[in-house]
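Mapping of the first sequence onto our numbering: residues 183 to 607, in sequence order. In this text, a Cβ means the ideal position worked out from N, Cα and C, and glycines have one as well. Worksheet: the structure to be examined is printed underneath.
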Amino acid sequence: MFDTKLIRENPQEFDTALCRRPGQSPIADAINTLDARRREAQTRAQKIQTERNAFAKQIGAAKSRGEDISDIVAEVSKSKKKQARLENEVVNATQKMRDFLSSLPNLPLADVPEGHGEGDNVELRKWGEPRHFDFEPRDHVSLGENLRMMDFETAAKLSGSRFVMLTGGLANLERALANFMLNVHTRENGYTEVNPPALVNDDTMFGTGQLPKFGDDLFKANTGHWLIPTAEVPLTNILAGHLVEADTLPRRYTAMTWCFRSEAGAAGKDTRGMIRQHQFTKVELVSVTTEEQSLSELERMTSCAENILERLELPYRTIVLCTGDMGFGARKTYDIEVWLPGQSAYREISSCSVCGDFQARRMNARYRPDKSGKHTRFVHTLNGSGLAVGRTLIAILENFQEADGSIIIPKVLRQYMGDIEVLKP
RNA sequence: GGAGGAGUGGCAGAGUGGUCGAAUGCGGCGGUCUUGAAAACCGUUGUACCGAGAGGUACCGGGGGUUCGAAUCCCUCCUCCUCCGCCA
Numbered sequence: 183m184f185d186t187k188l189i190r191e192n193p194q195e196f197d198t199a200l201c202r203r204p205g206q207s208p209i210a211d212a213i214n215t216l217d218a219r220r221r222e223a224q225t226r227a228q229k230i231q232t233e234r235n236a237f238a239k240q241i242g243a244a245k246s247r248g249e250d251i252s253d254i255v256a257e258v259s260k261s262k263k264k265q266a267r268l269e270n271e272v273v274n275a276t277q278k279m280r281d282f283l284s285s286l287p288n289l290p291l292a293d294v295p296e297g298h299g300e301g302d303n304v305e306l307r308k309w310g311e312p313r314h315f316d317f318e319p320r321d322h323v324s325l326g327e328n329l330r331m332m333d334f335e336t337a338a339k340l341s342g343s344r345f346v347m348l349t350g351g352l353a354n355l356e357r358a359l360a361n362f363m364l365n366v367h368t369r370e371n372g373y374t375e376v377n378p379p380a381l382v383n384d385d386t387m388f389g390t391g392q393l394p395k396f397g398d399d400l401f402k403a404n405t406g407h408w409l410i411p412t413a414e415v416p417l418t419n420i421l422a423g424h425l426v427e428a429d430t431l432p433r434r435y436t437a438m439t440w441c442f443r444s445e446a447g448a449a450g451k452d453t454r455g456m457i458r459q460h461q462f463t464k465v466e467l468v469s470v471t472t473e474e475q476s477l478s479e480l481e482r483m484t485s486c487a488e489n490i491l492e493r494l495e496l497p498y499r500t501i502v503l504c505t506g507d508m509g510f511g512a513r514k515t516y517d518i519e520v521w522l523p524g525q526s527a528y529r530e531i532s533s534c535s536v537c538g539d540f541q542a543r544r545m546n547a548r549y550r551p552d553k554s555g556k557h558t559r560f561v562h563t564l565n566g567s568g569l570a571v572g573r574t575l576i577a578i579l580e581n582f583q584e585a586d587g588s589i590i591i592p593k594v595l596r597q598y599m600g601d602i603e604v605l606k607p
């Protein structure tokens, strides 16, 4: 959500920045017209209210002196209807503005490359050498089923398509991964571990930008709750409605949660395997910072995520998303892609975004920049995966496979798996 | 699920129809004293919006209503607490 004052004062700059996203057209004029109407109605309604407040005070004074008040009362009653109409106008105009503004995506930062889709993203760096195999590497489905620890058939019986059931060593491996990631982020990177609700209300989904536009991508419970598509939602909303002191920032939160996505628009995409599921485990990172800190925090967060892959010895590359591939609330996004030998491709395993004050405005989360000052500012929010656990498991299977279908366990994970070194079929 | 109670400023907590945006305490900020600090004392201290400004308007859990006037009365929803029942 945007500051209407900013749009009023810099309509040209606003439109230019917004239109760097493909599919967006200039909108500042329309917003400013709507806004002018709202302010005018508000000013008029306030004027009438001022008069009425004065009358009410007179009545109070007169009454306490024991005077007759019926004349004044009669006069005030007349303005009631007019005021109700004006107030109604203000409420409607405000609501209209809010609806309008809440459907607009965030402005890309100036250094974000312009483009229409995946193809226009820009690679920044690569880490690790994809391993050379002297046999034909298999994909994770083949490996997992061969181990008899990855069962799509039973999952389909229980739930339908896009679900998987892990058993035995792979179930343990997934738990080990999440445990490892959480330990690193909490013990070395300064994040506070949170175990948040996975069902949230409308306001919470609005705060991070899933609503009102993207309800179709979400699962909804019959109580009206929504299932979180990422822990970004509850973690970022922790500070919703709060005013905090600057010296309590940054706040860094991490959580392992299940994530639920309807994958409504992804029919036919990644149907094989556990790349794209309705339910998956993810360790999420969320930072809440000041305006000054948010850009460096993005670099920090991204390196926290990259570091996990390095310790797992998984080759990756880091790209910056172009304006056409960025999410709704982001100003700038780095994707980290892990090498998958089974696909001979780099695939997304983490996405780190800085949202500026976009989400903070939606959820009204502010801070006081300095203690004696009267001004408040909206906090800046960031989120990133640290990492997608299911996809990390896939990467381990495919990168650490042996010719006989066994899987070498990365050294850093062994302590979480009873010190075994290999999973054998 | 049943019966009660409560939601007020950063926090604690008073206020039951008019001069209440709201006592008081804590905390914060500024100052006096002090070599410095602590203590003590004095002062100050909510947010958002409208307005060029003067100034104005709104907000006492959310929404609605009664009234000339609502933190205060009524309706409704939400949240929390206590007791009982049930239960992982």
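Limits of the unbroken alpha helix (DSSP H) element including residue i
i              : result
cysteine 504   : Note, cysteine 504: premise wrong, no alpha helix (DSSP H); not H, not E.
glutamate 195  : 193-200
asparagine 270 : 262-284
alanine 337    : 334-340
arginine 493   : 476-493
lysine 593     : 593-596
aspartate 384  : 384-390
Opening and closing residue of the beta strand (DSSP E) in which residue i lies
i              : result
alanine 527    : 527-536
arginine 219   : Taken as a continuous stretch (DSSP letters only), arginine 219 belongs to no beta strand (DSSP E), being part of the alpha helix (DSSP H) at 210-246.
glutamate 519  : 514-522
methionine 438 : 433-442
arginine 550   : 548-550
valine 366     : It is not in any beta strand (DSSP E) - valine 366 instead sits in the alpha helix (DSSP H) that spans 350-369.
Reduced DSSP category for residue i - H, G, I as helix; E, B as strand; rest coil
i                 : result
leucine 605       : strand
isoleucine 457    : coil
histidine 424     : coil
leucine 569       : strand
threonine 418     : helix
isoleucine 576    : helix
valine 304        : strand
valine 258        : helix
phenylalanine 540 : helix
serine 252        : helix
methionine 545    : helix
arginine 559      : strand
isoleucine 189    : helix
threonine 471     : strand
threonine 412     : coil
Residues bridged to residue i [DSSP beta-bridge criterion]
i             : result
leucine 325   : For leucine 325, which the question treats as bridged, DSSP gives no partner whatsoever.
threonine 405 : In DSSP, threonine 405 forms no bridge with anything.
tyrosine 498  : Trp309, Val520
lysine 464    : Thr439, Ala570
glutamine 583 : Ile589
glutamate 375 : Thr436
Proximity of residue i and residue j at Cβ, strictly below 8 angstroms
i              : j              : result
valine 536     : arginine 548   : no
isoleucine 590 : valine 571     : no
alanine 437    : alanine 422    : no
threonine 480  : leucine 393    : Strictly speaking, residue 480 in this sequence is leucine, with threonine absent from that position. In this structure, leucine 393 does not lie closer than 8 angstroms to leucine 480 by Cβ.
alanine 380    : isoleucine 420 : no
arginine 313   : proline 523    : yes
valine 520     : arginine 513   : no
alanine 585    : serine 532     : no
leucine 306    : isoleucine 501 : yes
serine 252     : glutamate 233  : no
leucine 348    : isoleucine 578 : no
arginine 202   : proline 287    : no
tryptophan 408 : valine 426     : no
arginine 458   : alanine 446    : no
leucine 216    : lysine 264     : no
valine 376     : leucine 417    : yes
glycine 397    : arginine 544   : no
isoleucine 213 : isoleucine 189 : yes
methionine 387 : isoleucine 490 : no
Integer-rounded CB distance, given that residue j should sit under 8 angstroms from residue i
i                 : j                 : result
lysine 464        : threonine 484     : That belief does not hold up - the Cβ atoms of lysine 464 and threonine 484 are roughly 16 angstroms apart, past 8 angstroms.
serine 444        : leucine 400       : 6 angstroms
histidine 298     : glycine 568       : Their Cβ separation, rounded to whole angstroms, is 29 angstroms, which puts histidine 298 and glycine 568 out of contact at 8 angstroms.
cysteine 441      : proline 295       : Not confirmed; about 28 angstroms, so no contact.
tryptophan 309    : glutamate 495     : At roughly 10 angstroms, the Cβ-Cβ gap does not stay under 8 angstroms, so tryptophan 309 and glutamate 495 are not in contact.
leucine 455       : aspartate 321     : Looking at the sequence provided, one finds glycine at residue 455 rather than leucine. That pair is a contact at about 7 angstroms.
isoleucine 254    : phenylalanine 237 : 6 angstroms
aspartate 302     : glycine 506       : 6 angstroms
arginine 220      : alanine 266       : Going by Cβ atoms, the distance from arginine 220 to alanine 266 rounds to 17 angstroms, so no, they are not a contact pair.
phenylalanine 345 : alanine 353       : Not confirmed; about 14 angstroms, so no contact.
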